[in-house]
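Trainee: Note that the UniProt record's numbering has the sequence shown beginning at 1, numbered continuously upward.
Note that CB positions come from ideal geometry on N, CA and C, so glycine has one too.
Everything numeric in this text was worked out from a predicted model, so none of it was measured.
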Amino acid sequence: QTRSLLGVFEEDAAAISNYINQLFQAMHRIYDAQNELSAATHLTSKLLKEYEKQRFPLGGDDEVMTSTLQQFAKVIDELSSCHAVLSTQLADAMMFPITQFKERDLKEILTLKEVFQIASNDHDAAITRYSRLSKRKENEKIKAEVTEDVYTSRKKQHQTMMHYFCALNTLQYKKKISLLEPLLGYMQAQISFFKMGSENLTEQLEEFLTNIGTSVQNVRREMDCEVENMQQTIEDLEVASDPLYLPDPDLARFPAHRNLTRKAGYLNARSKTGLVSSSWERQFYFTQGGNLMSQARGDVAGGLVMDIDNCSVMAVDCEDRRYCFQITSFDGKKSSILQAESKKDYEEWICTINNISKQIYLSENPEEMAARVNQSALEAVTPSPSFQQRHESMRPAVQSRPPAARTSSTGSLGSESAALSALSLDSLVAPDTPIQFDIISPVSEDLPGQAKSSGQSGRRTNPFGESGSSKPETEDSILHQLFIVRFLGSMEVKFDESPDVVYETMRQILAARAIHNVFRMTESHLLVTCDCLKLIDPQTQVTRLRFPLPNVVLYATHQENKRLFGFVLRTSGGRVESHQTSICYIFESNNEGEKICDSVGLAKQIAFHAELDRKASEKQKEIDRVKEKQQKELNKQKQIEKDLEEQSRLIAASSRSNQSSAEGQFVVLSSSQSEDSDLGEDGKKKRESEA
């Protein structure tokens with residue numbers, strides 16, 4: 001606004017200068033014309049006097065003409081004297097004031113403008129050198145020199161600016177004086193000129209000229225009073241503004257305002273100039289409703305940078321610069337990295353954008369609403385009498401089970417809610433549980449219940465779906481959905497049977513971040529499959545964490561802030577050996593919390609149906625094995641019966657053959673018996689063995 005108003009005053013000064021130059025040229029023409037008229041009149045009088053000395057060939061002596069011309073010469077000579085007096089009066093009363101205004105006052109404005117521009121450029125250069133100071137512990141002498149340079153340049157700019165503004169304000173009064181005084185002098189000179197021939201003319205204009213003279217004196221007195229007041233104001237501002245010249249004021253003396261819904265000021269914006277190089281440009285940024293605007297010097301109006309409704313803002317480390325933060329739009333397609341001048345501006349910008357992101361500016365009293373929200377966050381760490389009272393006005397939407405599981409537990413929902421409403425804070429969250437704000441890589445620390453298989457942890461995921469010699473573990477998965485998320489925190493909980501646990505964990509983590517000023521968030525890609533949930537590094541495509549889907553027993557999203565969602569992971573181990581623990585993870589997405597919960601529910605449904613199909617297939621295989629075994633037993637029984645029938649046929653045939661040869665056998669037996677009696681005992685045994 002100051003730059004815009006200064007532009008209006010400078011434009012007015014330029015218009016005044018242009019107009020005064022034209023008026024000066026016109027008055028100078030009057031002065032030149034008056035001098036020319038006086039010289040011409042004197043020349044005419046001289047020529048008229050020399051008429052009698054002329055000898056015309058055809059003219060004779062004409063005494064009447066000569067005497068008449070002599071009289072005219074005398075009158076014209078008197079008029080020439082009057083014109084000479086008028087020229088002198090015009091030079092003193094008309095040309096001198098306008099020449100002084102043009103050569104002194106207008107040139108003073110131009111000089112102050114150049115000095116102010118130089119001071120402004122010096123201040124910008126000092127601010128640029130100060131912004132490049134490293135946040136690491138550097139040479140204190142260099143830091144002191146740069147800070148002193150900023151202090152000196154800012155003070156010089158402020159003092160020059162105030163004197164420049166004072167001159168611009170004074171110019172409005174001097175403009176009136178520079179216009180009225182030359183005209184007054186011109187009219188007084190003309191009156192004096194005509195007063196020699198007409199006393200009545202002087203009497204008629206005397207009152208008017210008196211009034212004009214009185215008005216000029218009044219304006220001069222008013223100008224003197226205003227100049228005195230502005231000088232006193234300059235002195236007071238110099239004393240009061242001395243602490244503001246420091247680029248990074250002390251937060252103890254000038255605390256940051258966290259309840260703002262509007263913010264304006266200069267920021268350094270990073271823009272990439274190549275693959276690895278980038279540049280920083282200092283521009284004026286301001287918020288307008290739910291939009292972030294920027295305006296460069298010389299622009300008539302600001303331009304839209306991005307829509308910050310439902311956006312996310314977090315502190316980042318960027319190119320060894322301090323006080324940097326990143327703003328990401330709600331769809332994640334656009335982001336900007338900005339650098340504040342001081343820690344106070346840095347915290348105020350982050351808090352303001354957070355308040356605007358929650359659409360607090362749409363309420364009737366935005367600052368009061370922001371103060372109430374921040375106060376609620378500060379009080380959130382104090383246990384309240386009952387859990388239900390803390391969520392009477394803010395009850396997030398529930399999506400904690402697949403549809404099949406929800407329909408089976410509808411009957412006990414009322415009893416569970418009644419039981420949970422009587423639970424205290426310690427019964428929902430494990431006591432003395434630390435909050436983890438950063439993702440711990442599996443390389444450095446294994447999550448409980450997530451044993452690393454060989455080649456699993458730290459494996460790079462191919463974003464194009466191409467596979468090498470090793471087969472990905474999720475290659476046969478039907479569902480593959482990828483979401484951009486930011487990890488807010490995790491903590492151990494005691495119950496995992498109600499979504500209220502997720503809401504309470506969200507409240508505690510957000511309250512802890514607000515109290516401890518933790519703005520940093522780790523951005524990852526969440527991959528949802530039918531087997532597990534994976535957190536993948538967006539830069540290196542390395543899997544940071546893996547959550548088996550059967551262990552995800554609960555998931556829910558927030559009803560008011562739909563970017564927040566969380567899930568509970570049931571793991572084995574924990575504080576007590578051979579004891580199952582539950583850990584609640586809270587994330588922020590780009591307005592896709594419900595979509596992620598729907599995707600997880602779909603994955604669990606697909607896994608559930610796949611498990612049912614697997615069990616049905618195993619049961620069918622078991623039935624087929626039993627049938628096959630029974631068929632084998634039946635075939636074996638049939639084979640035995642067939643063998644028995646064959647043996648019976650053989651026995652019948654042998655019986656018939658035995659009857660036909662009975663007599664022959666009897667004769668043989670008789671002869672053999674006689675022989676046996678002759679052979680003795682050994683012969684009988686031999687005979688029996690042969691038989």
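Can you give me the Cβ contacts of Phe-116 inside the same chain, cut-off strictly under 7 Å, excluding the 5 residues immediately before and after it?
Mentor: So the list reads Thr-160, Met-161 and Tyr-164, once near-sequence residues are dropped.
Trainee: Figure out for me which residue from Ile-478, Arg-544 and Leu-168 has the closest Cα to the Cα of Phe-608.
Mentor: Looking at the Cα atoms, Ile-478 is the closest of the given residues.
Trainee: Using beta-carbon positions only, say whether Ser-336 and Ile-327 come within less than 8 Å of one another.
Mentor: Yes.
Trainee: Can you give the beta carbon distance from Ser-294 to Val-305, rounded, assuming they're within the 8 Å contact cut?
Mentor: Yes, they are in contact, since the Cβ atoms of Ser-294 and Val-305 sit about 5 Å apart, within 8 Å.
Trainee: Would you say Gln-89 and Ser-192 are within 8 Å of each other, going by their C-beta atoms?
Mentor: Yes, Cβ-Cβ distance for Gln-89 and Ser-192 is below 8 Å.
Trainee: Can you give the Cα-Cα distance for Ile-651 and Ala-616, rounded to whole angstroms?
Mentor: One C-alpha to the other measures close to 52 Å.
Trainee: Relative to the C-alpha of Met-314, which residue among Gly-303, Ser-329 and Asp-307 is closest?
Mentor: Of Gly-303, Ser-329 and Asp-307, the residue nearest in Cα terms is Ser-329.
Trainee: What is the C-beta distance between Ser-599 and Gln-481, in whole angstroms, given that I count them as a contact (C-beta under 8 Å)?
Mentor: Contact holds; Cβ gap of about 5 Å.
Trainee: If you follow the beta strand (DSSP E) that Cys-584 is in, where does it begin and where does it stop?
Mentor: Here the beta strand (DSSP E) through Cys-584 covers 580 to 589.
Trainee: With three or more beta-carbon pairs closer than 8 Å as the criterion, would you say the stretch 241 to 255 touches the stretch 340 to 349?
Mentor: Taking 8 Å as the limit for Cβ pairs, the verdict is that the stretch 340 to 349 does touch the stretch 241 to 255.
Trainee: Bridge partners of Glu-36, per DSSP?
Mentor: In the DSSP output, where bridge partners are listed per residue, Glu-36 has none listed.
Trainee: Between which two residues does the beta strand (DSSP E) harbouring Ser-271 extend?
Mentor: Note, Ser-271: beta strand (DSSP E), 264 to 272.
Trainee: Considering only heavy atoms of the ligand HEM, does any lie closer than 7 Å to the CB of Lys-141?
Mentor: No copy of the ligand HEM appears in this structure; indeed no ligand is present at all.
Trainee: Which whole-angstrom value is the C-beta distance of Leu-260 and Thr-352, which I expect to be below 8 Å?
Mentor: At roughly 4 Å, the Cβ-Cβ gap stays under 8 Å, so Leu-260 and Thr-352 are in contact.
Trainee: Drop a sphere of 10 angstroms on the beta-carbon of Lys-272, count the other beta-carbons inside from all chains shown, and report buried for 16 or more, exposed for fewer.
Mentor: Per the 10 Å Cβ criterion, exposed.
Trainee: Excluding the five sequence neighbours on either side, which residues of its own chain have a C-beta within less than 6 Å of the C-beta of Leu-168, listed in chain order?
Mentor: If we look at Leu-168 and ignore the five residues flanking it on each side, its Cβ neighbours are Phe-9.
Trainee: Thinking C-alpha only, which one of Glu-52, Ala-84, Phe-56 and Lys-141 is nearest Gln-71?
Mentor: Among Glu-52, Ala-84, Phe-56 and Lys-141, the Cα nearest to that of Gln-71 belongs to Glu-52.
Trainee: Where are the alpha helix (DSSP H) runs, 4 residues long or more, that stay fully inside the stretch 464 to 551, in chain order?
Mentor: For the stretch 464 to 551, whole alpha helix (DSSP H) runs of length 4 or above, ordered along the chain, are 500 to 516.
Trainee: Does DSSP put Arg-575 in a helix, in a strand, or in coil?
Mentor: Note on Arg-575: pLDDT 48, under 50, position unreliable in the model; the coordinate value appears next. Looking at Arg-575 - three-state DSSP - the assignment turns out to be coil, as it is neither helix nor strand.
Trainee: Using the three-state DSSP reduction, which class does Leu-291 fall into: helix, strand or coil?
Mentor: It is worth fixing the name first, because residue 291 is Asn in this sequence and not Leu. Of the three classes helix, strand and coil, the one that applies to Asn-291 here is strand, per DSSP.
Trainee: Helix, strand or coil: which one does DSSP assign to Tyr-323?
Mentor: The answer is coil: DSSP assigns Tyr-323 none of H, G, I, E or B.
Trainee: I'd like the ranges of any alpha helix (DSSP H) spanning at least 4 consecutive residues and lying wholly in the stretch 87 to 140.
Mentor: Fully enclosed alpha helix (DSSP H) runs of 4 or longer: 96 to 100 and 106 to 131.
Trainee: What does the alpha-carbon distance come out to for the pair Val-373 and Thr-287?
Mentor: Looking at the two C-alpha atoms, the distance is approximately 20 Å.
Trainee: Is it right to say Pro-515 is buried, meaning 16 or more other beta carbons lie within 10 angstroms of its own, or is it exposed?
Mentor: Per the sequence presented here, residue 515 reads as Ile, with Pro not at that position. Exposed, by the Cβ-count rule.
Trainee: Hey, quick one: how far does the beta strand (DSSP E) through Asp-307 stretch, first residue to last?
Mentor: First-last of the beta strand (DSSP E) with Asp-307: 303 to 307.
Trainee: Using a Cβ-Cβ cutoff of less than 7 Å, which residues in the same chain neighbour Leu-254 once the five nearest sequence positions on both sides are dropped?
Mentor: One detail in the question is off: residue 254 reads as Phe in this sequence, not Leu. So the list reads Lys-344, once near-sequence residues are dropped.
Trainee: Would you call the CB atoms of Thr-557 and Glu-594 closer than 8 Å?
Mentor: Yes, Cβ-Cβ distance for Thr-557 and Glu-594 is below 8 Å.
Trainee: If you compare alpha carbons, which of Asn-355, Glu-114, Tyr-151 and Glu-108 is closest to Ile-127?
Mentor: Answer by Cα proximity: Tyr-151.
Trainee: Run through the DSSP bridge pairs and tell me what Glu-369 is partnered with.
Mentor: Just to set this straight, residue 369 is Met in the shown sequence, not Glu. For Met-369, which the question treats as bridged, DSSP gives no partner whatsoever.
Trainee: Assuming Ile-435 and Ser-589 make a contact with CB atoms under 8 Å, what is their CB distance in whole Å?
Mentor: Going by Cβ atoms, the distance from Ile-435 to Ser-589 rounds to 20 Å, so no, they are not a contact pair.
Trainee: For Asp-149, which residues in the same chain have their Cβ closer than 8 Å to its Cβ, ignoring the five residues on either side in sequence?
Mentor: Result list for Asp-149: Ala-126, Arg-129 and Tyr-130, in chain order.
Trainee: Within the same chain, show all residues whose beta-carbon is closer than 8 Å to that of Asn-291, passing over the 5 residues directly before and after it, in chain order.
Mentor: Leu-304, Val-305, Met-306, Asp-307 and Ile-308.
Trainee: State whether the stretch 22 to 42 contacts the stretch 105 to 124, with contact taken as three or more CB pairs (one from each stretch) at a distance under 8 Å.
Mentor: No contact exists between the stretch 22 to 42 and the stretch 105 to 124.
Trainee: Rounded to whole angstroms, what is the Cα-Cα separation between Val-626 and Gln-620?
Mentor: Cα to Cα, the separation comes out at about 10 Å.
Trainee: How is Gln-456 classed by DSSP in three states: helix, strand or coil?
Mentor: The predicted position of Gln-456 is uncertain, since its pLDDT is 40 and thus under 50; no value can be drawn from it.
Trainee: Please classify Met-223: does DSSP put it in a helix, a strand, or coil?
Mentor: Correct three-state label for Met-223: helix.
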